[in-house]
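Asks: Sharing a structure here in structure tokens format.
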Amino acid sequence: TAPMLDWLLLLPIVILVVLIWPGSRYFGTQIPLPKQAPSDNQPGRRVSDGPESDGESPAVTLICKPSALANYLLRHCRSFRNYSPFVGWTWRASAFLQSAYAACWPCDSPVQFVRDNLQLSDDGLVALDWAVPPSQKRRRTSSHSTSPVLLIIPNSFGKITRTVLKLCETALFHGYLPVVFNRRSHNGTPLTTVKLQPFDPADLREAVRYIRHQQPSEALYAASEGTGSGLLLSYLGECGSSSYVTAAVCLSPVFRCQSWFENGLCWPLQWALVIYQKICLSRYKTALGDSVRTDALFSSSSLRGLEESLFCPSGKRSSAPAEEPGSGWDAYWEHNEPLRDVDEVAIPVLSICARDDPVRGDAQSTVPLELFETNPHFFLLLTERGGHCGFSTQWEGGAWSHKALLEFFRATTDFFAAEDRAKQLAARRRGAGGERQRASSCKRVPACSHNIHAIYNWQRSYTR
Numbered sequence: 020t021a022p023m024l025d026w027l028l029l030l031p032i033v034i035l036v037v038l039i040w041p042g043s044r045y046f047g048t049q050i051p052l053p054k055q056a057p058s059d060n061q062p063g064r065r066v067s068d069g070p071e072s073d074g075e076s077p078a079v080t081l082i083c084k085p086s087a088l089a090n091y092l093l094r095h096c097r098s099f100r101n102y103s104p105f106v107g108w109t110w111r112a113s114a115f116l117q118s119a120y121a122a123c124w125p126c127d128s129p130v131q132f133v134r135d136n137l138q139l140s141d142d143g144l145v146a147l148d149w150a151v152p153p154s155q156k157r158r159r160t161s162s163h164s165t166s167p168v169l170l171i172i173p174n175s176f177g178k179i180t181r182t183v184l185k186l187c188e189t190a191l192f193h194g195y196l197p198v199v200f201n202r203r204s205h206n207g208t209p210l211t212t213v214k215l216q217p218f219d220p221a222d223l224r225e226a227v228r229y230i231r232h233q234q235p236s237e238a239l240y241a242a243s244e245g246t247g248s249g250l251l252l253s254y255l256g257e258c259g260s261s262s263y264v265t266a267a268v269c270l271s272p273v274f275r276c277q278s279w280f281e282n283g284l285c286w287p288l289q290w291a292l293v294i295y296q297k298i299c300l301s302r303y304k305t306a307l308g309d310s311v312r313t314d315a316l317f318s319s320s321s322l323r324g325l326e327e328s329l330f331c332p333s334g335k336r337s338s339a340p341a342e343e344p345g346s347g348w349d350a351y352w353e354h355n356e357p358l359r360d361v362d363e364v365a366i367p368v369l370s371i372c373a374r375d376d377p378v379r380g381d382a383q384s385t386v387p388l389e390l391f392e393t394n395p396h397f398f399l400l401l402t403e404r405g406g407h408c409g410f411s412t413q414w415e416g417g418a419w420s421h422k423a424l425l426e427f428f429r430a431t432t433d434f435f436a437a438e439d440r441a442k443q444l445a446a447r448r449r450g451a452g453g454e455r456q457r458a459s460s461c462k463r464v465p466a467c468s469h470n471i472h473a474i475y476n477w478q479r480s481y482t483r
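Residue numbers for the sequence shown follow the numbering used here, so the first one is 20 and each next one is one higher.
In structure tokens, the structure reads:
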């Protein structure tokens with residue numbers, strides 16, 4: 020059934036291209052994309068000096084608050100300056116077609132997966148799929164491995180896309196140990212409770228603890244795809260400096276989820292996603308009947324209707340007069356909006372977005388530029404073209420976004436290591452001044468069991 024669902028998602032995209040949308044919108048480059056090219060004179064904004072895509076503005080722009088880490092990233096991440104998207108009459112220049120390709124096209128990947136079913140505190144199940152090369156013959160890497168772990172969070176609809184599979188393949192090639200997080204009922208995970216996972220990161224928190232137990236000595240990085248970024252941002256905000264994660268990347272994230280559900284998508288995309296989600300949920304129709312109004316769920320014609328039926332009490336809309344206080348659509352998003360605790364995020368987070376993303380929508384209203392201009396932990400790579408998790412380039416060797424992701428992880432790790440060495444050297448120099456200073460320099464802050472204080476420090480220079 021998986022191939023059939025893939026083609027079901029792809030069919031409305033093809034119909035839209037052939038019958039509705041003008042050909043020039045897809046294959047030509049005569050219609051300029053709306054943009055606001057930032058300049059170096061604007062406060063809180065830094066621009067990469069990469070190659071220009073149309074002779075007027077760079078193909079990719081780094082937007083962030085000026086800091087020591089930002090300067091380091093610009094110097095050491097070549098992909099932040101080198102992005103060459105396809106232009107002209109080719110399907111790879113189309114935002115919709117390359118998005119559909121990344122989401123639905125079959126991927127002949129040699130990567131295999133070994134699954135751990137993790138039982139949660141409420142007896143629910145989530146699954147962790149550990150990517151392994153074919154040579155390991157479906158045996159998971161030992162806990163004594165020296166490879167850093169890359170936790171990958173797919174989209175919120177449970178579809179394991181070509182993007183996720185290719186990211187696992189690329190990460191394995193570069194020495195990472197990828198593990199894919201599957202929510203309750205997603206990707207063949209059994210549904211053992213009548214509870215699904217909204218944007219509350221409780222299940223993800225337990226999964227991260229398990230990963231740290233299995234790989235206690237290695238660094239943990241995180242990457243998310245599309246609507247799955249909401250769960251990752253919720254987790255990082257809720258856990259703050261105790262997230263265990265060294266750095267994170269969001270690929271084509273949806274930042275403002277409530278408005279995204281309310282505004283909806285163009286009808287072919289919305290229709291495809293609604294049908295796909297209904298098919299996945301239909302096998303649990305009887306079990307969900309005790310807690311969800313399944314008649315409203317399976318008669319919904321919008322993503323908002325599905326989300327509301329699954330997670331809002333009684334399935335009533337916020338405009339219903341009989342609704343109980345503290346329940347309903349608006350109250351649901353007060354506790355689930357991904358950016359609700361964004362000020363508590365304590366690690367570097369890179370978001371990679373395209374202005375022509377057909378899933379997220381118009382960049383001017385859906386990308387919170389002020390967040391990246393004022394918060395030193397957040398960095399935005401904004402491209403003119405790329406679609407949703409597409410980012411096709413004129414050079415072979417994988418998606419440009421995957422290269423940028425891995426360079427970001429390497430650069431942040433190197434930056435922190437160099438900073439720690441400088442601090443240790445300064446401490447030794449101060450300690451040489453006398454016995455009292457030497458004794459003072461040897462005092463250590465008590466570290467918690469996972470040594471989180473050795474990883475995170477609120478006084479790091481990159482926040483200045």
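Yeah, the Cβ is synthetic: ideal placement off N, Cα and C, and Gly gets one too.
If you draw a straight line from the alpha carbon of SER328 to that of TYR295, how long is it in whole angstroms?
Replies: Numbered from 1 along the sequence shown, position 309 holds the residue referred to as residue 328. Numbered from 1 along the sequence shown, position 276 holds the residue referred to as residue 295. Roughly 16 Å between the two C-alpha positions.
Asks: Rounding to the nearest angstrom, what Cα-Cα distance links LEU144 and THR208 in this structure?
Replies: As a first step, residue 144 must be located in the sequence shown, where it is residue number 125. As a first step, residue 208 must be located in the sequence shown, where it is residue number 189. Taking the straight line joining both Cα atoms gives about 7 Å.
Asks: Return the chain-ordered ranges of every alpha helix (DSSP H) run that is complete within the segment 342-377 and spans a minimum of 4 residues.
Replies: If we require 4 residues or more, the alpha helix (DSSP H) runs fully inside the segment 342-377 come out as 348-355.
Asks: Could you tell me which residues DSSP puts in a beta bridge with TYR240?
Replies: Translated into the one-based positions of the sequence shown, residue 240 becomes position 221. In DSSP, TYR240 forms a bridge with LEU169, ALA266.
Asks: Nearest CA to the CA of GLN383: which residue from LEU369, ARG447, LEU424, PHE274?
Replies: The residue you call residue 383 lines up with position 364 of the sequence shown. Taking only the C-alpha atoms, the option nearest GLN383 is PHE274.
Asks: Identify, in the order they occur along the chain, each residue of the same chain with its Cβ nearer than 6 Å to the Cβ of SER17, setting aside the five sequence neighbours on each side.
Replies: Outside the shown range of the chain (20 to 483) lies residue 17, about which nothing can therefore be said.
Asks: I want to know whether the segment 277-291 touches the segment 168-188 - three or more CB-CB distances under 8 Å.
Replies: Segments in contact, no.
Asks: In the DSSP assignment, find the alpha helix (DSSP H) that holds ILE294 and state where it starts and stops.
Replies: Within the sequence shown, residue 294 is the residue found at index 275, counting from 1. 286-301 is the extent of the alpha helix (DSSP H) around ILE294.
Asks: Just verifying my parser: in three-state terms, what is the DSSP assignment at PHE484?
Replies: Residue 484 lies beyond the stretch modelled for the chain, which goes from 20 to 483, so this question has no answer here.
Asks: Would you report the Cα separation of LYS84 and SER140, rounded to the nearest angstrom?
Replies: Numbered from its first residue, the sequence shown carries residue 84 at position 65. Numbered from its first residue, the sequence shown carries residue 140 at position 121. Near 40 Å, if we compare the C-alpha coordinates of SER140 and LYS84.
Asks: What does the Cβ neighbour count give for ASP222, buried or exposed, with the cut at 16 atoms within 10 Å?
Replies: As a first step, residue 222 is located in the sequence shown; it is residue number 203 there, counting from the start. Its Cβ being crowded by 16 or more others within 10 Å, ASP222 is buried.
Asks: Output the distance between the C-alpha atoms of ILE13 and SER236, rounded to the nearest integer angstrom.
Replies: No statement about residue 13 is possible, as the shown extent of the chain runs from 20 to 483 and does not include it.
Asks: How is VAL133 classed by DSSP in three states: helix, strand or coil?
Replies: Here the question's residue 133 lines up with position 114 in the sequence shown. VAL133 falls in the strand class under three-state DSSP.
Asks: Could you please give me the residues that DSSP links to THR402 through a beta bridge?
Replies: Along the sequence shown, one-based indexing puts residue 402 at 383. THR402 is bridged to VAL79, ALA373.
Asks: Return the first residue and the last residue of the alpha helix (DSSP H) that PHE200 is part of.
Replies: Numbered from 1 along the sequence shown, position 181 holds the residue referred to as residue 200. Per DSSP, PHE200 belongs to no alpha helix (DSSP H); it is in the beta strand (DSSP E), 196-201.
Asks: Expressed to the nearest angstrom, what Euclidean distance is found between the alpha-carbon atoms of GLY47 and LEU270?
Replies: Residue 47 sits at position 28 when you count from the first residue of the sequence shown. Residue 270 sits at position 251 when you count from the first residue of the sequence shown. Per-residue confidence for GLY47 stands at a pLDDT of 35, beneath the threshold of 50, marking its modelled position as unreliable; the derived number appears in the next sentence. In a straight line, the C-alpha of GLY47 is about 25 Å away from that of LEU270.
Asks: Please work out which residues of its chain come closer than 6 Å, Cβ to Cβ, to GLY259, disregarding the five sequence neighbours upstream and downstream, and give them in chain order.
Replies: Here residue 259 is taken as the residue at index 240 of the sequence shown, counted from 1. Excluding positions up to five away in sequence, the list reads GLU363, ALA365.
Asks: Taking ARG374 as the reference, which of VAL199, SER154, PHE410, LEU358 has the closest Cα?
Replies: Position 355 of the sequence shown, counted from the start, is the residue given in the question as residue 374. ARG374 has its Cα closest to that of PHE410, out of VAL199, SER154, PHE410, LEU358.
Asks: Give every residue of the same chain whose Cβ lies closer than 6 Å to the Cβ of PRO272, excluding the five residues on either side of it in the sequence, and list them in chain order.
Replies: Taking the sequence shown and counting its residues from 1, the one referred to as residue 272 is at position 253. SER248, SER370.
Asks: Taking only three categories from DSSP, how would you classify SER386?
Replies: Walking along the sequence shown from the start, residue 386 turns up at place 367. Inspection of the sequence shows that residue 386 is occupied by Val rather than by Ser. VAL386: coil per DSSP, three-state reduction.
Asks: Between SER128 and VAL168, what straight-line distance do the alpha-carbon atoms span, to the nearest angstrom?
Replies: Against the sequence shown, residue 128 aligns to sequence position 109. Against the sequence shown, residue 168 aligns to sequence position 149. Rounded to whole angstroms, SER128 to VAL168 spans 20 Å at the Cα level.
Asks: Pop quiz: VAL199 and PRO173 are said to be a contact at Cβ under 8 Å. What is the actual Cβ separation, rounded to whole angstroms?
Replies: For the purposes of this step, residue 199 is identified with residue 180 of the sequence shown, where counting begins at 1. For the purposes of this step, residue 173 is identified with residue 154 of the sequence shown, where counting begins at 1. Their Cβ separation, rounded to whole angstroms, is 7 Å, which keeps VAL199 and PRO173 in contact under 8 Å.
Asks: How is VAL213 classed by DSSP in three states: helix, strand or coil?
Replies: One-based indexing of the sequence shown puts residue 213 at position 194. In the structure shown, VAL213 sits in coil (DSSP, three-state: anything other than H, G, I, E or B).
Asks: Can you tell me whether ILE179 is buried or exposed, with buried defined as 16 or more other CB within 10 angstroms of its CB?
Replies: Position 160 of the sequence shown holds residue 179. By the 10 Å Cβ count, ILE179 comes out buried.
Asks: Less than 8 Å between the C-beta atoms of PHE435 and TYR91, yes or no?
Replies: Position 416 of the sequence shown holds residue 435. Position 72 of the sequence shown holds residue 91. The answer is no: Cβ separation not under 8 Å.
Asks: Would you mind sorting PRO395 into buried or exposed? The rule is 16 or more other CB atoms within 10 Å of its CB.
Replies: As a first step, residue 395 is located in the sequence shown; it is residue number 376 there, counting from the start. With 16 or more other Cβ atoms within 10 Å, it is buried.
Asks: Would THR385 and PRO104 qualify as a contact pair, given that the criterion is a beta-carbon distance under 8 Å?
Replies: In the sequence shown, counting from the first residue as 1, residue 385 sits at position 366. In the sequence shown, counting from the first residue as 1, residue 104 sits at position 85. Taking 8 Å as the Cβ cut-off, THR385 and PRO104 do not qualify as a contacting pair.
Asks: Evaluate GLN216 with the Cβ neighbour count: other Cβ atoms within 10 Å of its Cβ, from every protein chain shown; 16 or more gives buried, anything less gives exposed.
Replies: As a first step, residue 216 is located in the sequence shown; it is residue number 197 there, counting from the start. It counts as buried.
Asks: Quick one: measure Cβ to Cβ for ASP135 and LEU147, integer angstroms, because I've assumed they're closer than 8 Å.
Replies: Here residue 135 refers to the residue found at position 116 of the sequence shown. Here residue 147 refers to the residue found at position 128 of the sequence shown. 5 Å between Cβ atoms; contact.
Asks: Please tell me whether GLU225 and LEU137 are closer than 8 Å, where the distance is taken between their beta carbons.
Replies: On the sequence shown, residue 225 is found 206 positions in, with the first residue counted as 1. On the sequence shown, residue 137 is found 118 positions in, with the first residue counted as 1. Yes.
Asks: Which of the three DSSP states, helix, strand or coil, is assigned to SER248?
Replies: Along the sequence shown, one-based indexing puts residue 248 at 229. Three-state DSSP puts SER248 in a helix.
Asks: Give the range of the alpha helix (DSSP H) segment to which LEU322 is assigned.
Replies: In the sequence shown, residue 322 corresponds to position 303, counting from 1. Here the alpha helix (DSSP H) through LEU322 covers 322-330.
Asks: Suppose contacts are defined by Cβ-Cβ distances below 8 Å. Is GLU426 in contact with ARG100 by that definition?
Replies: For the purposes of this step, residue 426 is taken as the residue at position 407 of the sequence shown. For the purposes of this step, residue 100 is taken as the residue at position 81 of the sequence shown. Not closer than 8 Å, so no.
Asks: Run through DSSP, which three-state label would GLY334 get?
Replies: Looking up residue 334 in the sequence shown gives position 315. In this prediction, GLY334 has a pLDDT of 44, which is less than 50 and means its spatial position is unreliable; what the coordinates show is noted afterwards. Looking at GLY334 - three-state DSSP - the assignment turns out to be helix.
Asks: Please tell me whether ALA306 and VAL213 are closer than 8 Å, where the distance is taken between their beta carbons.
Replies: In the sequence shown, the residue the question calls residue 306 occupies position 287. In the sequence shown, the residue the question calls residue 213 occupies position 194. Going by C-beta atoms, ALA306 is nearer than 8 Å to VAL213.
Asks: Exposed or buried, which one is GLU392 when buried takes at least 16 other CB atoms within 10 Å?
Replies: Indexing the sequence shown from 1 puts residue 392 at position 373. GLU392 comes out buried.
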